[in-house]
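4 is the number of the first residue of the sequence shown in the working numbering; add one for each residue after it.
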Amino acid sequence: MKNIGKKVGLSIVVLVLIFGSGLFWLMQGLGEPIAVEAVEASQVSDGYFDGSFDKGRWSNQIHVEVKDGKIKSIEIEEDVTFSKEEVSTEIFDRVIAQQSTDVDTVTEATVTSKAYLKSIEDALKKGMK
């Protein structure tokens, strides 16, 4: 009986540690502000530029095409851990419409929106004139 109690107790401790670690990983970065610099497409040379943002589950890689001083397309090379196509589509549409990273984030997806914007910012900075 004592062995069963020890095994159950140890199992509970292990499960709590696993759950706690997972929760920590999921929450990492939520409270930290992410500042996005406004980069205008008109400041960027024509070409294809890769950008990335590395922050836990919000890490992502983006591919941006600029032609004639305008952002023509934005594609995801490596997406955030818990992605929603409607969030990335909305952010990319806003950036292309404004030709800038200075856009509003998607409601209820602020950190994910900023993670995409940071990758786009990184890509555009690589192509600045």
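Quick reminder that beta carbons are idealized off the backbone N, C-alpha and C, glycines included.
### Message
Measuring only the C-alpha atoms, how far is Tyr119 from Ser91?
### Response
As the crow flies, the alpha-carbon of Tyr119 is around 7 Å from that of Ser91.
### Message
Please give me, in chain order, every unbroken run of the alpha helix (DSSP H) with length at least 4 that falls completely inside the segment 14 to 102.
### Response
Those alpha helix (DSSP H) runs which fall completely within the segment 14 to 102 and span 4+ residues are 88 to 101.
#### Entry: Buried or exposed by the 16-neighbour rule on C-beta atoms within 10 Å, applied to Lys73
Classification of Lys73: exposed, given that the 10 Å Cβ count is below 16.
### C-beta contact flag for Ser116 and Ala41 at 8 Å
The answer is no: Cβ separation not under 8 Å.
### Task
List the endpoints of the continuous alpha helix (DSSP H) containing Ala126.
From DSSP, the alpha helix (DSSP H) with Ala126 extends over Thr113 to Lys129.
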